[in-house]
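Data first, discussion second: the structure below is written as structure tokens.
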Amino acid sequence: MIVIKTFVPTYFDKFRCIADKCPDTCCAGWEADLDGEIIEKYKTIDGKLGERIKTSLAKDETDCNIFALCENGRCPFLNSCNLCDIQAALGEDFLSKTCSLFPRFFEDFGDMREMGLGFGCPEAARIMLDDSEPFSLCLYEERSDKSGDIDEDFLSELIELREEIFKVLEDNKLSFREKAENTVDLVSAFQNELDDGCFRDGATTIQSFDECISILEKMEYIRPERRDFVSSLKGKKLSNNSLELYHSDFEKLMKYYIFRYFLAYGYDYDVITPIKLGIFACIVISRIYSYLENPDFETRVRVIYSYSKEVEYSDVNMDLLDEAMYMNCSADDLIKLL
Ligand code: SF4
């Protein structure tokens, strides 16, 4: 047995699913993967519910087990009160790993695990945007018989760099744009070391907000009206005033991107792409704030969780954005759009 150290942000335990009070639901529009363990459990269920489960099981295009969504895009077990029939009848132990984990995410690095809340859930987004404490992590330890190999020295270097970035992002003397610039400088220098002095950032094809929209238009959407909304912003002269006006939202958004993606990308020798993903999100969301003119807290929560839900929770969309960030834009040019 080994001890797994799990680090979570201090706000992590505040999250409780608000279920029927949720302004959205995570059980519509997505086909949640059903893991092997839960499929075995489902085979033991008799009666009407067992029959409903059996007839709802299907495979997606990658041969994963899923519940086929109803015509209106809802999970067949999501009832009219936006509650889950399986959970109501059998309890949380009968939820798949994907369903019970959301909106939490985790990433494993040897005997260290990091867990966080994703912005794709309105309640998680509300908790994270409302958090006024500097970002810090709590440690939990649990025993496990599994652990992967990891280059601990390299991981420590990445963690150190991430801490430096957090210090920059929490430096009250800097404007948000200066924070982004200093972050890009720090990370570019590290990327250059990783690339043995040969780091050249992506060729530039994204030089305007409209080009950012063109990327978003190519994505798949759970709610197509969100694509229509994004398209409607094309050609509009939207100011970037919101960036400093709602500085704290963007600081939290950048910290989220860095906490969620930096170590995983960095361990693959790419520390610059997660920074670009965060800056890209800030560009788009700040322009939407400007369009909405003085959005209140609940509106800002809605904008951020909608962006995150559409962009971050689709492998297709993340691959598309990843490629655009890696190949087609430089961090310096993205900063000019802030
Ligand atoms: S989106 Fe979040 S709050 Fe809403 S039902 Fe899903 S987990 Fe619960």
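Using my numbering, read the sequence shown as starting at 1187 and increasing by one per residue. Beta carbons: idealized from backbone N, C-alpha and C, even for Gly.
Quick check on A1168: does DSSP put it in helix, strand or coil? Nothing can be reported for residue 1168: it is not among the residues displayed for the chain, which extend from 1187 to 1524.
Just to confirm, is the Cβ distance from N1146 to I1392 under 7 Å? The displayed coordinates of the chain run from 1187 to 1524. Any statement about residue 1146 would go beyond what the structure contains.
Using DSSP with H/G/I as helix, E/B as strand and the rest coil, what is G1236? If you number the sequence shown from 1, residue 1236 lands on position 50. It is helical.
Classification of L1325 by the beta-carbon crowding that lies within 10 angstroms, buried from 16 upward: On the sequence shown, residue 1325 is found 139 positions in, with the first residue counted as 1. With fewer than 16 other Cβ atoms within 10 Å, it is exposed.
When every heavy atom of the ligand SF4 is checked, does at least one fall within less than 6 Å of the C-beta of C1468? Here residue 1468 corresponds to residue number 282 of the sequence shown, with the count starting at 1. No; taking the cut-off as 6 Å, the Cβ of C1468 has no heavy atom of the ligand SF4 nearer than that.
Any idea what DSSP makes of S1322, helix, strand or coil? Within the sequence shown, the letter at position 136 stands for residue 1322. Coil, per DSSP.
Give a yes or no on contact between the stretch 1375-1393 and the stretch 1201-1210, applying the rule of three or more CB pairs nearer than 8 Å. no
E1367 versus L1315, E1397, M1440 and M1314, residue with shortest Cα-Cα distance: Numbered from 1 along the sequence shown, position 181 holds the residue referred to as residue 1367. Among L1315, E1397, M1440 and M1314, the Cα nearest to that of E1367 belongs to M1440.
Segment contact flag, the stretch 1230-1240 with the stretch 1465-1480, C-beta cutoff 8 Å, min 3 pairs: no
Give me, in chain order, the residues of the same chain whose beta-carbon lies closer than 8 Å to that of K1245; leave out the 5 immediate sequence neighbours on both sides. Residue 1245 sits at position 59 when you count from the first residue of the sequence shown. Excluding sequence neighbours, K1245 sits near N1251 and I1252.
Give the range of the beta strand (DSSP E) segment to which I1351 is assigned. As a first step, residue 1351 is located in the sequence shown; it is residue number 165 there, counting from the start. Run containing I1351: none in the beta strand (DSSP E); it sits in the alpha helix (DSSP H), E1338 to L1355.
Which of the three DSSP states, helix, strand or coil, is assigned to R1260? If you number the sequence shown from 1, residue 1260 lands on position 74. Strand, per DSSP.
DSSP three-state call for A1254: helix, strand or coil? In the sequence shown, the residue the question calls residue 1254 occupies position 68. It is coil, neither helix nor strand.
Could you tell me the boundaries of the alpha helix (DSSP H) in which L1380 lies? On the sequence shown, residue 1380 is found 194 positions in, with the first residue counted as 1. Start and end: F1362 to L1380.
To test your reading of the DSSP string, which unbroken beta strand (DSSP E) runs of 3 or more residues are found completely within the stretch 1269-1305? 1290-1295 and 1298-1303
If Y1491 and P1308 are in contact, beta carbons under 8 Å, what's the gap, nearest whole angstrom? The sequence position of residue 1491 within the sequence shown is 305, counting from 1. The sequence position of residue 1308 within the sequence shown is 122, counting from 1. About 5 Å separates the two Cβ atoms, so the contact holds.
Using the beta-carbon count (16 or more within 10 Å), is T1241 buried or exposed? Taking the sequence shown and counting its residues from 1, one reaches residue 1241 at position 55. Flag for T1241 reads exposed.
Output yes or no for whether 7 Å exceeds the beta carbon distance between F1263 and C1270. As a position in the sequence shown, residue 1263 is number 77, starting the count at 1. As a position in the sequence shown, residue 1270 is number 84, starting the count at 1. Contact flag set, yes.
Quick check on the contact list: which residues have their beta carbon closer than 5 Å to a heavy atom of the ligand SF4? C1203, I1204, C1208, T1211, C1212, C1307 and E1309
For I1461 versus V1354, is the C-beta distance shorter than 7 Å? Locating residue 1461 in the sequence shown gives position 275, where the first residue counts as 1. Locating residue 1354 in the sequence shown gives position 168, where the first residue counts as 1. No; because the gap between Cβ atoms is not below 7 Å, this pair is not in contact.
Backbone secondary structure at E1162 - three-state DSSP: With the chain covering 1187 to 1524 only, the question about residue 1162 has no answer from this structure.
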